[in-house]
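Trainee: Under my numbering, the very last position in the sequence shown is 121; numbers go up by exactly one each time. Submitted below is the structure of interest, expressed as structure tokens.
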Amino acid sequence: MTEQIITITGLEFTAEGRPIAHGAVIREGGSSLEETLKAGSAQMGTLHPMDGSPMGRVEAKFAGQTATAVFFGERFLLAAEDERKSDWLSALRRLVAAL
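Here is the structure:
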């Protein structure tokens, strides 16, 4: 019997269709990064910025959901953004995003 002990996910960050950085997330177990983010976890990974790569907070799209990526040095932190339950426009935003 085999057991998956780590999972590596490669990511490419783009801005206006241009790649700005490549990254990788390494985590324990076999769960997907999408499942991990949906569960509300933040993931840290290694970052290889390219010329003109922004530092600080950038918006990212991953598996159809909005996430925030915070770039600092050769690391990044990726976290899914939670919609505020009190936000009455969230259903409309989801509908517009699906179009």
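C-beta atoms are modelled at their ideal positions from N, C-alpha and C, and glycine is treated no differently.
1. So what does DSSP say about residue 24, is it helix, strand or coil?
2. Under 8 Å, with one C-beta from each stretch per pair, do the region 70 to 82 and the region 48 to 59 reach the 3-pair mark?
3. Tell me whether residue 56 sits in a helix, a strand or coil according to DSSP, three-state version.
4. Could you spell out the range, first to last residue, of the beta strand (DSSP E) harbouring residue 41?
5. Would residue 47 and residue 65 be called neighbours here (beta carbons separated by less than 8 Å)?
6. Using the DSSP secondary-structure output, state which residues sit across from residue 32 in a beta bridge.
Mentor: On the basis of the coordinates in this document:
1. coil
2. no
3. helix
4. Counting along the chain, the beta strand (DSSP E) containing residue 41 begins and ends at 40 to 50.
5. Yes, these two residues count as a Cβ contact at 8 Å.
6. 46
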